[in-house]
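Here's the structure, in structure tokens; my notes come after.
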Ligand code: CMP
């Protein structure tokens, strides 16, 4: 059935099918992702017609997960993660344990071994970040306290799964499976050593992410942004996201997705993070579609006939069991009912990690292939049903609120308010940082009306290009006859341009040093500070680059230089005829 299908065919057909079926789904009032999943099923090897390369599609899907997690990281600061730890950490851990135990119970009932039960249970215990994000985004909940808690909870779950993925090969034989191949991590090592090694690697990764990343990444972004090339900037953002994702998977053994998430968190500390987010968004969207398509491709519909009861019970566990567990955990931790319902609904599905775990389980001889098919089928169905489940949770909340308003309003209010305050503080801090940036731009334009000519994006770039410099009264800022190293913008203080015909005083808002840059020649005059001065200097290379892209700015500067030269020539002439001595100041 398989035929040679190229990368281009896979991507092209995926996009076309996904676009058409996504549209159809939307018309049917279903979430578009249902359309993407169906597109995948149609392109998969189990349905007639076009068959895409599933291996290739899987890799493209991984790209989608990487970019998506990177996007989440960009909007999720480390402070956010710390703020929700009180609920996310115990919640995720308790839920994984309980859901896994339930999975083991189900597997035992079907006569599978303990190893199969563990893989099966773990696969059902972790929810998909991609799906959760889509649902939260559609409901405009991504920035709410509940949304932050749900995302933080999933991050902890993902971290736990990373550990599980590393430990499974080491434990495989003990659980009745095949010994892991030598290529697998942890193979051949005693268990305690394998665990220690994993923890060490994850620890090293955390140290890099917390201490080294926040220094290097923002610096790198600023460096590239200063070149003014938009394309290079976007490229750098992607290089950092994919580079960190791939590098951390290779070196530290953490998943691509987790690496990408931390790349985003690290980048969110930069002033340029909003630009990075805007630049990577279209790619995120395109590749996350490929994620759903490739999930659909793996689906073998015959499992619904072969093992209907297994699929139904797995689904019950995912949707009902997990939702009840999450709900109870949140309530027991004394958070409000609304939050408990949002978390319970949003996390009542399974996704990317479940496929990876199931695949590993099969390759280790722990999970029967039927088990993998059941997991896939329940993933697709639970993902499709998830928007409905979330709407149900919301309706339930409305009902509870109407029926028991006091309970709904008061239960868990204290903790919720405390969490809200903390998140609000973090948001206020981020906003203050952004406002500061806006203010700098505003001041720039107010002080130097010249820059009102260029668009906001370029004004921002100028802020990056400027090098601050200062001078003391009496200090020579420029020497006549020197090579021009840059153009100076006077932001405070005053300078005097010493010309043969007399001195010209320049005040804040004026610029000087443009003539040598424009002509490529030497400085035409001495410039002396006559007060404590502060300058913004645009270096020669940056000046040439920036004005080449803004001819209107170059024209304005050239016009001023021309007027000044004319004035100087005139004054020089008057100098020759002392009866007409007067120097007029230009350039204020
Ligand atoms: P540049 O020749 O690079 O270095 C000396 C600077 O003095 C020159 O550029 C101008 O920016 C500035 N300058 C020269 N003549 C005048 C003038 N008449 N009024 C104001 N500034 C001047």
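In my numbering, the protein residues as written are 52 to 639.
No residue lacks a Cβ here, since even glycine has one placed at the ideal position from N, Cα and C.
Secondary structure at residue 543: strand, using DSSP grouped into helix, strand and coil. Residue range 584–590 is occupied by the beta strand (DSSP E) that includes residue 585. Per DSSP, residue 608 is not a residue of any beta strand (DSSP E); the alpha helix (DSSP H) it occupies stretches across 602–627.
Spatial neighbours of residue 366 in its own chain (CB-CB distance under 7 Å, excluding positions within 5 residues in sequence) are listed in chain order as 429, 432 and 433.
Residue 195: not part of any alpha helix (DSSP H); DSSP gives it neither H nor E.
Annotation: residue 107 to residue 471 spans about 43 Å, alpha carbon to alpha carbon. Your pair residue 208 and residue 177 checks out as a contact, with CB atoms roughly 5 Å apart and the cut at 8 Å.
Of the residues 506, 461 and 427, the one whose Cα lies closest to the Cα of residue 174 is 427. Pairing residue 516 with residue 586 gives a Cβ-Cβ distance that is not under 8 Å. Per the coordinates, the alpha-carbon of residue 138 lies some 14 Å from the alpha-carbon of residue 473. Below 8 Å, enough C-beta pairs join the stretch 561–575 and the stretch 530–541 to call them touching: three or more.
Contact between residue 348 and residue 94 holds, with the beta-carbon distance rounding to 6 Å and staying under 8 Å. Taking 8 Å as the cut-off, the beta carbon of residue 121 is found closer than this to the beta carbon of residue 292. Relative to the Cα of residue 559, the nearest Cα in the group 551, 567, 553 and 545 belongs to 545. Residue range 527–529 is occupied by the beta strand (DSSP E) that includes residue 529. Listed in chain order, the non-local C-beta contacts of residue 462 below 7 Å within the same chain comprise 387 and 388, local neighbours out to five positions each way being set aside. For residue 539 and residue 265, the gap between their C-alpha atoms comes out near 32 Å. Distance from the C-beta of residue 565 to the nearest heavy atom of ligand 1 is below 7 Å. The alpha helix (DSSP H) runs of length 4 or more contained entirely in the stretch 231–310 are, from start to end of the chain, 242–258, 264–276 and 281–303. By the 16-neighbour rule on beta-carbons within 10 angstroms, residue 500 is exposed. Between the C-alpha atoms of residue 612 and residue 277 there is a straight-line separation of about 26 Å. With respect to the C-alpha of residue 125, the residue from 378, 358, 268 and 398 having the closest C-alpha is 268. Residue 247 and residue 166 have their C-alpha atoms some 22 Å from each other.
For residue 557, the pairing in a beta bridge is given by DSSP as 546.
By the neighbour-count criterion, in which a residue is buried when 16 or more other Cβ atoms sit within 10 angstroms of its Cβ, residue 593 is buried. Residue 379 and residue 201 have their C-alpha atoms roughly 14 Å apart. In the DSSP secondary-structure assignment, residue 537 is bridged to 590. For the pair residue 342 and residue 90, the CB atoms are not nearer than the 8 Å cut-off. Within the same chain, 322 come within 8 Å of residue 484 by CB-CB distance, once the 5 residues on both sides are set aside.
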